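Inspection log for the structure reproduced underneath, given as structure tokens.
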Amino acid sequence: MLVCPTRSAVAMLFAALLLAHGASAEGALDKLVAAYPAFLVGHDSQTLQWKDGTRMPVSDGKADKAFDQKLRHPSLLDQMELPYPRGPLAAPPGPQDDPGRFRNVAFFDKIYGDCSKGQVEKKLVTVPWLPKSGGGVVKITSVNGVAEKLRAVSEELDALPSALKTYAFPSAGTYNCRVVKDTGNRSMHAWGAAIDLNTKHADYWMWSKGGYRNRMPAEIVAIFEKHGFIWGGKWGHYDTMHFEYRPELF
Ligand SMILES: [Zn+2]
0 MLVCPTRSAV AMLFAALLLA HGASAEGALD KLVAAYPAFL VGHDSQTLQW
50 KDGTRMPVSD GKADKAFDQK LRHPSLLDQM ELPYPRGPLA APPGPQDDPG
100 RFRNVAFFDK IYGDCSKGQV EKKLVTVPWL PKSGGGVVKI TSVNGVAEKL
150 RAVSEELDAL PSALKTYAFP SAGTYNCRVV KDTGNRSMHA WGAAIDLNTK
200 HADYWMWSKG GYRNRMPAEI VAIFEKHGFI WGGKWGHYDT MHFEYRPELF
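Take 0 as the starting number for the sequence shown in numbering that gives the first Met the number 0 and just add one per residue.
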């Protein structure tokens with residue numbers, strides 16, 4: 000007897016979806032471990048395991064956390080919850096599409112240092128920023144090879160046509176020991192792993208009276224994404240000049 004190929008394909012897809020849903024926490028933690036090989040060695044369903052023997056809980060045990068609570072106090076699993084869409088956006092992000100804005104402070108403090116204790120600043124190095132275009136220099140963390148990745152981004156941006164690279168320099172800043180205005184949580188700038196581009200062409204949800212707006216060229220976004228940096232233009236709380244190193248989201 001022949002099995003209807005369509006019905007069998009549907010059944011297989013359904014089974015795969017069930018499996019993916021059950022395994023989503025597992026898969027998210029695998030991605031996290033793979034993205035920070037210098038620091039992480041593995042995980043189980045409860046803890047993330049660090050090279051130095053530290054174990055960090057992956058969840059805070061709070062069920063049904065509101066979006067706002069996740070922005071302020073995300074667990075490691077919350078941090079991985081929203082998928083980051085690589086490549087051009089088909090439509091503006093929805094109000095709660097904020098992939099990458101859930102940042103677990105204990106996790107990033109352990110990797111990059113606690114800026115309030117002066118631990119981040121001493122790991123910053125100087126990288127030329129679009130040197131052929133007169134972009135000056137920026138300071139960025141040397142941890143995780145972020146400085147080398149930003150240097151590669153800079154070289155690729157510098158090779159773009161002038162009409163495009165004007166959006167990329169001068170940089171409006173990198174390291175800043177500060178919190179995000181609306182959440183009170185730390186920004187990636189506080190860990191020296193974020194960069195803001197030319198403010199002249201920037202759109203930011205707090206300044207804007209209308210809806211979503213962006214002028215950042217897709218070519219610039221693609222170069223950053225290729226090197227593990229996510230773009231703030233893909234957030235409902237958009238910040239189009241902002242890029243930060245978040246390899247776990249790719
Ligand atoms: Zn920024």
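Heads up, the beta-carbon is just placed ideally off N, CA and C, and yes, glycines get one too.
Being a predicted model, the structure only gives us computed values, none of them experimental.
For ligand 1, I want to know if aspartate 238 counts as a neighbour, meaning its beta carbon is within less than 7 angstroms of at least one of the ligand's heavy atoms. yes
In chain order, what residues of the same chain lie with their CB nearer than 6 angstroms to the CB of glycine 250, ignoring the 5 residues before and after it? Residue 250 lies beyond the residue range present for the chain, which begins at 0 and ends at 249; the question has no answer from this structure.
Suppose contacts are defined by Cβ-Cβ distances below 8 angstroms. Is alanine 34 in contact with proline 169 by that definition? no
Name the two residues that bound the continuous beta strand (DSSP E) containing phenylalanine 66. Counting along the chain, phenylalanine 66 falls outside any beta strand (DSSP E), though it belongs to the alpha helix (DSSP H) covering 66-71.
What is the rounded straight-line gap between the Cα of cysteine 176 and the Cα of glutamine 45? 31 angstroms
Which ranges does the beta strand (DSSP E) cover as unbroken runs of at least 3 residues, wholly within the stretch 125-212, from first to last along the chain? 136-140 and 193-195
Residues bridged to isoleucine 229 (per DSSP): Glu243
Please return the same chain residues whose Cβ sits closer than 8 angstroms to the Cβ of proline 84, not counting the five positions on each side in sequence. Pro98 and Lys233
Let's test the definition: count the other Cβ atoms within 10 Å of the Cβ of methionine 79 and tell me whether it reaches 16, buried, or not, exposed. buried
With a threshold of 7 angstroms (Cβ to nearest heavy atom), would aspartate 157 be considered close to ligand 1? no
Just list the residues that DSSP pairs glutamine 48 with in beta bridges. Gly41 and Arg54
Where glycine 86 and glycine 112 are concerned, what is the direct C-alpha to C-alpha distance, given to the nearest angstrom? 31 angstroms
Start and end residues, alpha helix (DSSP H) containing glutamate 120: Premise fails: glutamate 120 is in no alpha helix (DSSP H) and is neither H nor E.
Should histidine 200 be counted as a contact of ligand 1 given a C-beta to heavy atom distance under 7 angstroms? no
With 16 as the cutoff for other CB atoms within 10 Å, does aspartate 195 come out buried or exposed? buried
Could you spell out where the alpha helix (DSSP H) holding lysine 109 opens and where it closes? 104-111
What would DSSP say about aspartate 77, mapped onto helix, strand or coil? helix
Quick one: is lysine 164 buried, meaning 16 or more other Cβ sit within 10 Å of its Cβ, or exposed? buried
Could you tell me if isoleucine 229 is buried or exposed, where buried requires 16 or more neighbouring beta carbons within 10 angstroms of its beta carbon? buried
Could you please give the first and the last residue of the uninterrupted alpha helix (DSSP H) stretch that includes glycine 93? Where glycine 93 is concerned, there is no enclosing alpha helix (DSSP H), given that its DSSP letter is neither H nor E.
Where the alpha helix (DSSP H) containing alanine 33 begins and where it ends: 23-34
Under 7 angstroms from any heavy atom of ligand 1, does the C-beta of aspartate 97 make it? no
Rounded C-alpha distance that separates histidine 241 from alanine 192: 11 angstroms
In terms of alpha-carbon separation, which member of Tyr166, Trp190 and Arg150 lies closest to valine 220? Tyr166
Once you ignore the five residues that flank threonine 182 on each side, which residues in its own chain have a CB closer than 7 angstroms to its CB? Leu70 and Arg71
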